[in-house]
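So in numbering that gives the first Met the number 0, spot 117 of the sequence shown is number 116, and the numbers just go up one at a time. For each residue, glycine too, the CB sits at the ideal point set by N, CA and C. This structure is a prediction, so every number in the text was calculated from the model and none was measured. For reference, the structure is listed below as C-alpha cells.
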Amino acid sequence: MPEQSDYLKQLDARLTQLEDEKKVSAVMNRYMPLCDDLRENTDISSIVKLFTADAIWRGERKRYSKTVPKLTGRGEIEAMFSRCVTPPVHFDFNAHFLFLCNETITASGNSAQGSWMMLQPSTFKDGQSQRSGAFIQSKFTKSTIIGS
C-alpha cells in the first residue's frame with residue numbers, strides 16, 4: 000500500500016504543477032487585454048491587483064533598458080498605469096499579442112515563472128504608429144495566480 004500512496008502523492012503534485020502553469024497562462028491572457036484597453040479614466044485596479052506588493056517592472060536588453068524605467072513595488076506600477084489613462088491618453092490603438100508557441104512556464108511550490116514573445120502594434124494620439132516586440136519574463140506567486 001505505501002507504493003500506491005506515494006504514487007498518488009506524486010500524481011497529485013504533478014497535477015498541481017500543471018494546474019498552476021495553466022493559471023499562470025490565464026493571468027497573462029487576462030493581463031494583456033487589460034493593457035490594450037487603457038482608455039481615458041479607465042479603472043486600473045484590475046491590472047494593479049495582478050502585481051505583488053514587491054513586484055519589479057523593468058526593461059532589459061539594449062532598447063528597453065533605455066526606454067522602460069525600473070519600477071519597484073505595486074505603487075510605482077500603479078502610478079505608471081495611472082499616467083496611461085490620465086488625459087490626454089497615450090494610445091489611440093494598442094494591442095498585445097503573446098506568441099503561445101513560445102510560451103514557457105515552470106511552476107514549483109508557491110512560485111512560478113514564465114516567458115513569452117510579444118508583438119505590440121500601437122498608434123499614438125498624435126497619429127504616429129509603432130510596432131514593438133519584446134521578450135517577457137515574469138515571476139509569479141500563488142497569490143497572483145490563485146484567482147485565475
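- Enumerate, from N- to C-terminal direction, the unbroken alpha helix (DSSP H) stretches of 4 or more residues contained entirely within the stretch 31-64. Runs of the alpha helix (DSSP H) inside the stretch 31-64: 44-47.
- According to DSSP, is Ala133 helix, strand or coil? Counting from 1 along the sequence shown, the entry for residue 133 is found at position 134. Looking at Ala133 - three-state DSSP - the assignment turns out to be strand.
- Out of curiosity, what's the CA-to-CA distance linking Leu14 and Glu39? Here residue 14 corresponds to residue number 15 of the sequence shown, with the count starting at 1. Here residue 39 corresponds to residue number 40 of the sequence shown, with the count starting at 1. Spanning the two alpha carbons is a distance of roughly 42 Å.
- CB-CB length for His95 against Gln119, believed under 8 Å: Within the sequence shown, numbered from 1, the residue matching residue 95 stands at position 96. Within the sequence shown, numbered from 1, the residue matching residue 119 stands at position 120. With a contact defined as Cβ atoms closer than 8 Å, His95 and Gln119 qualify at about 5 Å.
- Same chain only: Cβ atoms within 6 Å of Ser121, ignoring 5 sequence neighbours per side: Numbered from 1 along the sequence shown, position 122 holds the residue referred to as residue 121. Cβ within range, chain order: Phe90, Asn93, Gln129.
- Message: Short of 7 Å in beta carbon distance, which residues of its chain neighbour Met31, apart from the five on each side in sequence? Order them along the chain.
- Response: Taking the first residue of the sequence shown as position 1, residue 31 is located at position 32. Excluding positions up to five away in sequence, the list reads His95, Leu97.
- Might you give, ordered along the chain, the residues of its own chain that have their beta carbon closer than 8 Å to the beta carbon of Gln3, omitting 5 neighbours on each side? The sequence position of residue 3 within the sequence shown is 4, counting from 1. Within the same chain, no Cβ atom closer than 8 Å to the Cβ of Gln3 is found once the five residues on either side in sequence are excluded.
- For Leu99, count neighbouring Cβ atoms within 10 angstroms of its own Cβ and tell me buried if that reaches 16, exposed if not. As a position in the sequence shown, residue 99 is number 100, starting the count at 1. It counts as exposed.
- Query: Of the residues Ala52, Lys124, Ala54, which one's Cα is nearest the Cα of Asn86?
  - Reply: The residue you call residue 86 lines up with position 87 of the sequence shown. For the sequence presented, residue 86 should be read as Pro rather than Asn. The candidate whose alpha carbon is nearest that of Pro86 is Lys124.
- Would you kindly report the start and end of the unbroken beta strand (DSSP E) that includes Thr143? Numbered from its first residue, the sequence shown carries residue 143 at position 144. Element bounds for Thr143: not the beta strand (DSSP E) but the alpha helix (DSSP H), 141-144.
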